[in-house]
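To get my numbering, take the position in the first sequence, counting from 1, and add 757. Positions of the beta carbon are idealized from the N, C-alpha and C atoms, including for glycine. Treat the numbers as computed from the prediction; the structure is a model and nothing was measured.
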Amino acid sequence: MKYWSQTFIPTLKESPADAEIASHKLLLRAGLVRKLGGGLYTFLPAGLRVMQKISQICREEMDREGAIELSMPFIHPVENWTDGTRWAAAREIMYRVDHAGAGKGRSKEPEFVLGPTHEEVITPLVKSEITSYRDLPKNFYQIGTKFRNEIRPRYGLMRAREFVMKDAYSFDVNDESAIASYNKMKRAYTAFFSRCGLKAIAVEADTGVMGGSYSHEFMVPAPVGDDDIVYCEESGYSANREKATSGIVPKDLADASPAGALEEFPTPGIVTIAALAAAPHNVAPDKQFKTLVYMGDGKPFLVVLRGCDDLEEAKLGALGFQLWRQATPEEIEPVMGAKPGSLGTVRGSIKNPAALAGIFADHAIRLVGNGTTGANKDGFHLRNVNVVRDLELTRFGDFRTVRAGEPDPKSGAPLKIARAIEVGHVFKLGTKYSEKFGAVYTDDQKQSHPMVMGCYGIGISRTLQAVIEQSNDADGIIWPWQVAPWQVLVVNLDPQDAAATELCKKLALAAESAGADVLVDDRAERPGVKFKDADLIGVPLRLTVGGRGLKEGIFEMKWRTSKDVAKLAIGDAEKLVAESVRSAASKA
RNA sequence: CGGGGUGUAGCUUAGUCUGGUAGAGCGCCUGGUUUGGGACCAGGAGGUCGUAGGUUCGAAUCCUAUCGCCCCGACCA
């Protein structure tokens, strides 16, 4: 039992100006966190309690699936990263740590970094400690702080520079076993989010800089999310937009035969799809080929799309480059022979094709059949361009962004798109890291094999905010029972009255012995202030004791989710409170 | 990193265009009246106007630089 006057819950009537979304405002107003700097937050007592509750639920679900808790350092020797597979990409987001003190500063490179994730630490550990198939599988996890120099921290805890994450790493003898480990984690995650009172759904996801073979993200639908999920209720398909595909290109689509001879025509000043679609040329965007130039690990490559489609940059990851970005006009012209706006991939029209790392075309350009594209000559385009006859292509792939309404690949029903917050991510990594760090085991035939890995993250602090985002009203937070900082709030309207104080204590003890965490509001505030604060901090069950009710022999019980106030007899108080607590706990 | 905003008391902000020496509400302190949904009255404390230069008799206000924060884009749990 905690007394309000003995803890620290600084509530605010007004939202600080730098909070935009509901959950961010409520984090501050309900006294859960305070900002130190962009993406850096102090957890105040109530916020810390929620974090601990969420962590504990996570721990229980991980343990249930056989994962083993440990704790790795926040500070990593930089060698673990420079020796790894993704230093180039990872250094962009890592905080680097100099020698402490005013020392002599011997080295030019930093000697330490703050850990953004722990593959580079756990894999060497497992390499040196586990060598036999008899000791596998193993799945290690920890709950701790991660440091990432986010390009743009945002929305309070939603995307922070320093945040609390549960990360787990599984090691298996083969693919089959690794998939079993992966599925255990998916199961643990589903149970975890459900116990937190969150509606989270698993969607197919891109593997990004992690690499690996496949992955799922756990998403909380919310308009303030950073991701788009593509889904189809009929088929049950769901995927991150970065990964999603549609059935827009029929499987049995026949290639169009040439519609006529290739023909160059002047298009002075026309450098956009829209301009070519307008008079006088009137070439519909879905009859144009769009040619984009990217740099992959220093070498240019081309992506060809329909004029009406957008490139989904994440899908370029399938091409195998470590780093890629859009090429600059200065990089484009010497290779292509023209400036952006007049580019194309018709055979023989590229100035220096040998410089290219490849020409990759989206499947959907087959729908164009015969279309128009740039001539690689400023101010000229080519028409009657036939995909098969005329285009120079290395290979086809899926590169376009799916749009709402396109057919689902299986059912053909229209796909829908919704915004969502990513709260968890599971990856099947394969042997990428184990091979790099030499994490191998010996099998029963004395043969050596790389371990098959998986990694699994949950944003604990982000989950906390996602719960608030998903569960609030105009009056404040509505905490689900399991993650509430306190589950029962006993409001003493007359703290100077000995009988009221005594009854409050009795109610609090009854709730506590039934298994609830209890906060007693004993402040010398007016009733209105206490009721407003009670709603704001969102405690699920409120018990009110006041001199007036005391005279009538009643106290009040109110759930945060309901407007109804029950007036209950003091004589049955302990029994009624215990029953309510047990019933709420059993439903949660 | 590019684009757009913004910085005045613990919080929300007025004043900036058109320079004249900073005002309100909440919160806080004192006293009183109140006491079931953010009370009222009286009094009070609290501000180098983000920072550094410059223009000017005079700068929160104009100019330059710089820093922080917020939002949009690429990135992530």
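Among ASP1232, SER1270, PRO1284, which one has its Cα closest to the Cα of LEU1250? Cα-wise, what sits closest to LEU1250 is PRO1284.
Residue span of the beta strand (DSSP E) that contains SER995, given as start and end: Residues 995-997.
So the beta strand (DSSP E) VAL977 belongs to, where does it begin and stop? 971-978
From which residue to which residue does the alpha helix (DSSP H) around PHE1184 run? That residue, PHE1184, is in no alpha helix (DSSP H); its beta strand (DSSP E) goes 1173-1187.
Secondary structure of MET1210, DSSP reduced to three states: strand
Using the DSSP secondary-structure output, state which residues sit across from ILE825 in a beta bridge. PHE897
Determine the closest residue to LEU1351 out of THR1130, LYS1108, GLY1094, with distance taken between C-alpha atoms. Outside the displayed span of the chain (758 to 1345) sits residue 1351, for which this structure offers no information.
Keeping to the same chain, check which residues put their C-beta closer than 6 Å to that of VAL1247; ignore five residues upstream and five downstream. Residues CYS1261, LEU1264, ALA1265, VAL1277, LEU1300 of the same chain have their beta carbon placed closer than 6 Å to that of VAL1247, with the five preceding and five following residues left out of the count.
Mind the definition here: the region 1163-1170 touches the region 1025-1044 only if three or more C-beta pairs lie below 8 Å; say whether that holds. no
Quick one: what's got a C-beta closer than 6 Å to PHE1078's C-beta in the same chain, skipping five residues either side? GLY1053, ASP1054
Please report the distance separating the alpha-carbon of PRO1091 from that of LYS1185. Distance from the CA atom of PRO1091 to the CA atom of LYS1185, rounded to whole angstroms, is 41 Å.
Since LEU871 sits in a beta bridge, which residues does DSSP pair it with? ILE832
Ranges of the alpha helix (DSSP H) found wholly within the region 1030-1088, counting only runs of at least 4: 1030-1034
If the criterion is Cβ atoms closer than 8 Å, does the pair THR1151 and LEU1100 meet it? no
Proximity winner among GLY1126, VAL987, PHE869, VAL1061, relative to ALA1016 (alpha-carbon distances): GLY1126
Limits of the unbroken alpha helix (DSSP H) element including VAL1006: Careful: VAL1006 lies outside any alpha helix (DSSP H) and carries neither H nor E.
Inspect the beta-carbon positions of TYR926 and PHE897 and report whether they are closer than 8 Å. yes
Have a look at GLU1179, PHE1288, CYS1212, GLN1239 and flag the residue whose alpha-carbon is nearest the alpha-carbon of GLY1233. PHE1288
Report yes if the C-beta distance between THR1029 and HIS1138 is below 8 Å; otherwise report no. Not a contact, by the Cβ cut-off of 8 Å.
Can you tell me where the beta strand (DSSP E) holding THR799 begins and where it ends? 797-800
Taking the beta strand (DSSP E) that ALA959 falls in, what are its first and last residues? First-last of the beta strand (DSSP E) with ALA959: 958-962.
Any contact of the region 834-841 with the region 873-885, i.e. 3+ C-beta pairs under 8 Å? Touching, yes, given that three or more Cβ pairs across the two stretches are closer than 8 Å.
Cβ atoms of ALA1095 and ASN1141: under 8 Å apart, would you say? Contact flag unset, no.
Could you name the residues of the same chain whose beta carbon sits closer than 7 Å to that of THR1258, not counting the 5 residues immediately before and after it, in chain order? Scanning its chain for C-beta atoms nearer than 7 Å, with the 5 sequence neighbours on each side dropped, one finds around THR1258 the residues ASN1249, PRO1252, in chain order.
For the beta strand (DSSP E) containing SER938, list its first residue and its last residue. Per DSSP, SER938 belongs to no beta strand (DSSP E); it is in the alpha helix (DSSP H), 932-952.
If I measure Cβ to Cβ from GLN1083 and keep anything under 7 Å in the same chain, skipping five residues before and after, which residues do I get? TYR1051
Quick one: any contact between the region 1305-1315 and the region 1325-1334, if contact means 3 or more CB pairs under 8 Å? Below 8 Å, enough C-beta pairs join the region 1305-1315 and the region 1325-1334 to call them touching: three or more.
Between the region 1196-1214 and the region 976-994, do three or more beta carbon pairs fall short of 8 Å? no
Taking the alpha helix (DSSP H) that VAL1224 falls in, what are its first and last residues? Annotation for VAL1224: the continuous alpha helix (DSSP H) segment containing it runs 1217-1227.
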